[in-house]
Amino acid sequence: QVIKSKGGVVGIKVDKGVVPLAGTNGETTTQGLDGLSERCAQYKKDGADFAKWRCVLKIGEHTPSALAIMENANVLARYASICQQNGIVPIVEPEILPDGDHDLKRCQYVTEKVLAAVYKALSDHHIYLEGTLLKPNMVTPGHACTQKFSHEEIAMATVTALRRTVPPAVTGITFLSGGQSEEEASINLNAINKCPLLKPWALTFSYGRALQASALKAWGGKKENLKAAQEEYVKRALANSLACQGKYTPSGQAGAAASESLFVSNHAY
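The structure is reproduced here in C-alpha cells:
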C-alpha cells in the first residue's frame, strides 16, 4: 500500500526455484506452474500488477542443450500465458549464467539462440508481447575468461543479440546484473544506451545485488546506519537512472563496495 500510494507498481516473483533436468549435464528447468493461475488471481486481488519468473541456462562445452533451451522457453511461455490471463504483466527472465571461461562471441551466440527460442515459444502460446517485459543477461564474457572486453564491445554484442531476436513490440528490456559489480552494471547499461544502433525498446535495469550491495554494507544491520544506507541506495538508483539515458559518467569516486564483484557461482534464489 505504501508503494502504491507513492505511485509505484507492485510485483511478485512467482516461480519456485530451479530443479535438475533429467538426462542433461547438470542443466535445470524452473518449477512453479502448478496452481500458478490461482496464485496469480490472488496476487492480483492483493494489488500486484506484474510478476517475474527466472529460468537459468549455463554455457559449457555441450551446454545449453537443445532440450534445456526448449524446455525453459516453454516454461517461460506457459508462465507468461497464465499471468496474462489474470491481468498480470509477466517479466520473462531467461538468464544465461556468467559462470565459465567462454568469450564474448560465444555468449552472444548462445544468447541469440536462447532468445530466439523464447520468442518462438511466446508466439506459439499466443502471448500478447506488448504486455510483457524481457529480463535478459547482458552479453558478457564468462567469469573465468582471461580476455578483457571494453564496455563498448559488451554493449555492441548485447544490442546486436537483442536486435536479432527481440520483436519491437516488446515494450521494455530490463537487464539483470548477473554478478557484475554495482559500478560495472551501471557503466555497461550506460554503454548499451549509448550504442549507435537502432534500439526500439526501453533499455533499463532490474538489478538485485548491483543495487543493494553498497546499501547493505553501509547498513550492516544497525539502526544508526539507516540514513547512510538509504543514501547509498539512492546513489546507485540515480546512477542507473542516468545510465538508462546514456548520461552516466563514472566519477572514479565509487566506493570500494560499488567496485566489488558480486559474482556467485551457480547463483540460485
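The working numbering numbers the first residue of the sequence shown as 1 and each following residue consecutively. Just so it is clear, CB atoms sit at the ideal spot from N, CA and C, and this is done for glycine as well.
{"Query": "For the alpha helix (DSSP H) that contains C244, what are its first and last residues?", "Result": "First-last for C244: undefined, no H or E at that position."}
{"Query": "Kindly indicate which residue of L104, L134, A41 and Q84 has the alpha-carbon position closest to the one of P168.", "Result": "L134"}
{"Query": "Only counting the same chain, and skipping five residues up and downstream in sequence, which positions put a Cβ closer than 8 Å to that of L197?", "Result": "M156, V159, T160 and R163"}
{"Query": "Which residue or residues does DSSP assign as beta-bridge partners of W53?", "Result": "V92"}
{"Query": "With L162 as the anchor, note down where its alpha helix (DSSP H) starts and where it stops.", "Result": "H151 to T165"}
{"Query": "Ordered along the chain, which non-local residues of its own chain (more than five positions away) have a Cβ less than 7 Å from that of G246?", "Result": "N190, N193 and K194"}
{"Query": "Whole angstroms is fine: what's the gap from C40's alpha carbon to G220's?", "Result": "35 Å"}
{"Query": "Of all the options Y233, E27, K52 and Y207, which has the alpha carbon lying nearest to the alpha carbon of E218?", "Result": "Reading the sequence as shown, one finds Ala at residue 218 and not Glu. For the residues Y233, E27, K52 and Y207, the minimum Cα distance to A218 belongs to Y233."}
{"Query": "Do the region 135–144 and the region 87–94 make contact, defined as three or more Cβ pairs closer than 8 Å?", "Result": "yes"}
{"Query": "Mind checking A215: buried by the 16 CB within 10 Å criterion, or exposed?", "Result": "buried"}
{"Query": "Which stretch, first to last residue, makes up the beta strand (DSSP E) that contains K58?", "Result": "No beta strand (DSSP E) contains K58, which DSSP labels as neither H nor E."}
{"Query": "How is A121 classed by DSSP in three states: helix, strand or coil?", "Result": "helix"}
{"Query": "With respect to the beta strand (DSSP E) encompassing K13, which residues constitute its N-terminal and C-terminal limits?", "Result": "G11 to K13"}
{"Query": "Classify G131 as helix, strand or coil using the three-state DSSP reduction.", "Result": "helix"}
{"Query": "Just verifying my parser: in three-state terms, what is the DSSP assignment at V19?", "Result": "strand"}
{"Query": "Can you name the residues that DSSP bridges to L203?", "Result": "I173"}
{"Query": "In whole angstroms, what separates the C-alpha of D99 from that of E27?", "Result": "13 Å"}
{"Query": "Out of C55, G60 and Q84, state which residue places its alpha-carbon closest to the alpha-carbon of M70.", "Result": "C55"}
{"Query": "Would you mind sorting K52 into buried or exposed? The rule is 16 or more other CB atoms within 10 Å of its CB.", "Result": "buried"}
{"Query": "The beta strand (DSSP E) spanning T327 covers which residue range?", "Result": "Any property of residue 327 remains undetermined from this structure, which presents the chain solely from 1 to 269."}
{"Query": "Straight-line CA distance for G87 to V75?", "Result": "19 Å"}
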